[in-house]
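Before any comments, here is the structure.
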Amino acid sequence: MRLACVAPQDTYNVPLYIAYHCKLFLLPVLADNYQTSTQGIWWMELAKDLGSPRDIVCPSKSEEDSKVFAMRILTVEGCPSPKITRSIPNYLIRVLPPLAVYNRLPYALELTCGDISMRVSAGERTHTHALELTQAHRLSVHVQYMGLPWTGSFTLSPDVTEKNITMSTECDTQGGNKQLGVRAWLRRADCWQLHLHAPYWIINKTTLPLQLKGSHSDTVYEVTDEPLLWSPARRHRQADKLRLRAHQSAWSRACRAAAAAPGLIVCAHTERKMNYRILLNVTLSELCPQLTKIVTLLPYFLVYNDTKRHLRFMEENEAADLWIDLAPQQCTPFWPQTDSMAMHCKYRDSGVVSQHFPITKNHFTVLRMDKGSAITVEVTGGTDRPFTITFKPYTAGDAPVRIDNLCEDLFLKLHQKDSGQVALLSPYQSMLYTWDDPSKERQLMWNIYNNKGKGYIADFSQDGNGEQKVSFHSVKHSTLVATSSVTSKLSSTLKRLTPKSPEPCTSSSDDSENEQPDPHKKKMRKDKVIVYWISYMEGLQRVFVLAQDERIAYQYKMRINSEKSDYEVYLSLAEVSLSVCVDTKLGVKELAHLSVTDSLPRWEVNVSHKWKQLSPDLTAWIEDKYQTEQKKCQLKEYIHIDLEKMQMTKPFFSELRRTYNPGVWMQLRKSDTLTYCHLKLQRLQIDNQLSEAVFPSVLYPAPLPNARSTRGPKPSIELVALKQHRPALNQDVYKYLKVLVQEHYVNLDRGFVNYVFDILNHWKLEEKPAVRLRADLALVHMPLPIIALKSQTSAQRNIIFEFVHLSPIKLVLSLSSRGYSGENPNSPTRTRFCSKKENRPKLFNSDLLEYLFNSWGSSLCDMKDIVLRMAYLEIRNAPITPTALIDTASRFYWTQLVQQFYVLVLGLNILGNPYSTIGDFCRAMKHYYEPYLGTVCGRQADPSARLELGAARLLRQAAGAAPDLFPAAPQRRRHVEDGALSNDLPEKVLEASRSHPASVALALSGLVARPSGIRPYSHHEALGLQLLTLLGRGHYADTDAYLAHAHLAPTNCSLLISTQHIFMVRAGGASNSWHIEWVLKLDDIIGAPTVSGDKLILNVKQDEMVNYFSTDEKVIEVPDPAVLEWLRAKIECALVMALEDKRCPTD
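Counting from 1, position 245 in the sequence shown corresponds to residue 319 in the numbering used here; the numbering is continuous, with no gaps.
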């Protein structure tokens, strides 16, 4: 009898009588040459292996035809139920294809098995019903690569997991590759997934002929700009390492292609006496991030001409004069032949050569060219991108500084530190200065002409001013001619004059040892003069002004003086908390609790003009009096304190000081053009709220060293920013940006990581395979000019960061492979329609974290206290956008983190780079200091320091401490009244939640659950949920949901009601433990609870096997009538909820 025809993706409800008494047989509708399935489907048989797939086969009608139509049957729960077991079955039978073939190659492929043929486009998948998975099948793979057909084969058996497929071709490759490497990986899910992929796509963008081989293989591959499909053999542990050679050079050292850990490969060529430096950049494939890596081989140096003139360049090489032509908008690789790592450039039709400049560190330099012209060169990259040397035309503001000499009669000498070239600047003249030797330290020195001293540093990198006393020898000359009037000296525009040579009017006492006597030098005297200097920004150009006249200096200082604040905002929050919850079968479950909390108050006494911290006991006693707003307090006759005057009068007279740091403190100040922000997050902590957690805390700050702890706690995160808006240019200038992050402990267990990945799965936007494949192919075919442009900074000048300092990051990492229960139905390690356990989290595309943790999780080992150190990032005078700054910082820290994870956690050797700005973290790091040594006020006369000090004085607080903003407000913390949140709670229940010893112990345990979902926080419900979590080491929390609880005074017992049980719990006293006196299943309670006087009576079914109780009644004494009635109503509600999925009683 034909029952129904079910279309794809459709559902048919089987009549109850047929489902209970009859077996169901399947038959494909569109395929007429198949019989009905040999096995039937009956719910009683499927219930035994719920969630496990079963194979059924429809044989061919012809006995000579061996073709079959195979299907997989998977039985799952039809509708979700909060119960582990249900009395009434409700099943959904899913009919699935047995095998899905995924093509994870950049080329279309054809899969054949006898007469069966399947074509799968690149990045797509197809399903097949023609293979019976209980038997072994020989499959052949056909691919068109480089215009030639390639073929390989493998055996798909029921026990296979991974197979290497050697692809070969019968056509002539003209000296090219003879074989390709493809791998088959089988994932046994509800529908088996066969992934055909290549572990590595290797692309050559060096423009050099490259050859590759495995570290333990003799097979040599030619690497071109088309992806080379490479699959290393698994016979050796180091088999995934590779070697390179270029232009018949020597083979490089074996290196591992580690994702997101770029490195430098060096191929030494003995005959040419040069080293080919190749950047190895490895990324995860967007199409298949867990199986395929895209390896890009790049030239380590790229030269790009962004000017309109033809240029020539060459490295600094005394042995040869080899100039390379570079047309406008041309990008070419550069292969240095020496180790000078410096370069010259010139115009193609000119003989004037620029100064040499370094090519292995990032910088922006103005180069002097012929006929008074100039160009700029910018060197970027070097770590995860090639060093890109970009020549650009000179524009206004590119020069490092413009120097204005406003001195009345002083000639100035200007020179770069450690450089012998000196520039002379006459009075009332200005000049645009660039570095004489770009490879040396970039520090400008100034001095007056006839002073032989070392000179003075010209600090022009930021706004500032100062003065310097300078001594010199002079003589009054009768022929001295006045240069100009005072009016012209103070004019707004600098008038260029041509003063006479300085020799007739000034001289030095030690200019030359062989000087002839001169009658004009008889009246020589030593003078001193004060020279004022001002550094400011004019348009797009930095300016450094030197003046003798204090009035002129004052006029220029007005340009950088602070503005009057229009308004100032202070924000102070004692604590900010956030709960992260996940959906489970039992409802919402709390995963983590994020909190930013305050520090403990710190009391100090002034002894001999030094502040000494009081003992913890005395501090707690004084703080208690302070919170209760007592003006005076005394501890017997020993200690007398006046809290109103903040003085200690006994045992000795001294001044008291209280320092308190709130959880969140922010100061915001705004004027016409300036905006200042100072933010502190005192103590950042993330707690793991899972009952099976190995580490209670995921993230928390590390304690300070003993030498530093006496100075008080430091904020976990501190940020200071000062921004100026310049309306005339529509420009934002960030004068100062500094972020400090203290050392933190990071503790991760497998269960917590699984839940985090599960949440990220929902946030990740689902993209079609074709879209992800296009992203991979765009990376494969990206030309060198585009790579060079990605390494350059933005050409926009409307946003400038004058000084950025992001502190080093130090993490102490601990990892555990435990932390989740395999039998827990709420665990995210279970698939959606199947109860089969997985040992790793679900995949989501393009997430390197998931790849790294899967690599660690495969070892199933625990790690403890692994120290990860990341260097600090500092940027000066950079015209970049905030988005570009965030991208630069994320890549800077991320690269360091991944490299150290590979080495310190996974124990792998990865490729290094001696020219990287990060350096070798295994040795002394280039840019690193301990985080607790950092300060936001690290430079003299810092505006942020002045603003913070002024705000602290305004609020009468010590500098460096967050102020109490409202001194007139009460200092006590008042708890939110729970009665306003839960109106049905009796007052006695609320009072017991505050004062009962069990509630106090729960609060002191530090594990009080926070609110789940978006609803008001209830302290009473949080205590009850935590009590349920602690019972049976979290066993009941995995199966039950909290409903209500109440403390039964005057006993030390509590009654707890959940969705499946009723508990009588007794507090364990000082041990902070809870013992279950008795527990009842709601299914064992007969009828509704009854009230007799002050007793609540429950009728309980007797258990013949184990007799838990001596009678068939359970009596609960509740003295308070309101609490008694409230508990009765809650138990009735729990009993009604427990009737779900129960059979109706029959007479």
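In this text, a Cβ means the ideal position worked out from N, Cα and C, and glycines have one as well.
- When C-beta atoms of the region 488-504 are compared with those of the region 462-473, fewer than three pairs fall below 8 angstroms, so the two segments do not count as touching.
- Here F975 carries a helix assignment [DSSP, helix/strand/coil].
- S191 counts as exposed, since fewer than 16 other C-beta atoms from the protein chains shown sit within 10 angstroms of its C-beta.
- Put simply, of L441, A258, M415, Q403 the residue whose alpha carbon is nearest the alpha carbon of V426 is L441.
- The DSSP-derived three-state label of D850 is helix.
- S326 sits in coil when the DSSP states are folded into three classes, being neither helix nor strand.
- Excluding residues up to 5 positions away in sequence, F431, V451, P512 lie with their Cβ nearer than 6 angstroms to the Cβ of T439 in the same chain.
- In the DSSP assignment, M118 falls within the alpha helix (DSSP H) that extends over 117-120.
- Assignment of beta strand (DSSP E) within the region 663-699, counting only whole runs of 3 or more residues, yields 676-681, 684-687 in chain order.
- About 6 angstroms separates the beta carbons of T1133 and M1211, which is inside the 8 angstroms limit, making them a contact pair.
- CA-CA distance, E729 to L674, rounds to 20 angstroms.
- Just measuring C-alpha positions, the residue of P363, R330, T469, K367 sitting nearest D380 is T469.
- In this model, E1004 and A334 are separated by some 26 angstroms (Cα to Cα).
- The Cβ atoms of S646 and M740 lie closer than 9 angstroms to each other.
- Taking the Cα of S651 as reference, the smallest distance to any Cα among S545, L758, E924 is reached at L758.
- Looking at T247, P232, F228, D246, the one whose alpha-carbon comes closest to that of N238 is F228.
- Residue pairing by DSSP puts H1135 in a beta bridge opposite K1155.
- For G527, no pairing in a beta bridge is given by DSSP.
- In this structure, W409 sits away from L284, with a CB-CB distance that is not shorter than 9 angstroms.
- Going by DSSP, A320 is part of no alpha helix (DSSP H) but of the beta strand (DSSP E) stretching over 315-320.
- Nearest C-alpha to H211 among D233, P223, H201, W397: D233.
- For P1195, the enclosing alpha helix (DSSP H) stretches over residues 1195-1212.
- Counting along the chain, S865 sits inside the alpha helix (DSSP H) bounded by residues 858-865.
- Secondary structure of Y925 (DSSP, three-state): helix.
- Counting only residues of its own chain and dropping the five nearest sequence neighbours on each side, P102 has a CB closer than 8 angstroms to the CB of Y108, C132, F143, H203.
- Between A272 and G288, the beta carbon gap of about 14 angstroms keeps them out of contact (Cβ cut-off 8 angstroms).
- Under the 10 Å beta carbon count, Q517 is surrounded by fewer than 16 other beta carbons and is classified as exposed.
- C-alpha of T370 to C-alpha of L959: approximately 25 angstroms in a straight line.
- Boundaries of the alpha helix (DSSP H) harbouring G1098: 1093-1104, taken from the DSSP string.
- With a cutoff of 9 angstroms on beta-carbon distance, V169 and H201 are scored as not near each other.
- I874 carries a strand assignment under DSSP once its states are collapsed to helix, strand and coil.
- Taken in chain order, the complete alpha helix (DSSP H) segments of 4 or more residues contained in the region 220-274 number zero; there are none.
- R146 is bridged by DSSP to D129, L170.
- Considering only Q248, E624, A776, L230, the residue with the shortest C-alpha distance to G221 is Q248.
- W304 and L889 have their alpha carbons spaced roughly 33 angstroms apart.
- The residues I277, N278, K279, in chain order, have a CB closer than 7 angstroms to that of D299 in the same chain once the five nearest residues on each side in sequence are set aside.
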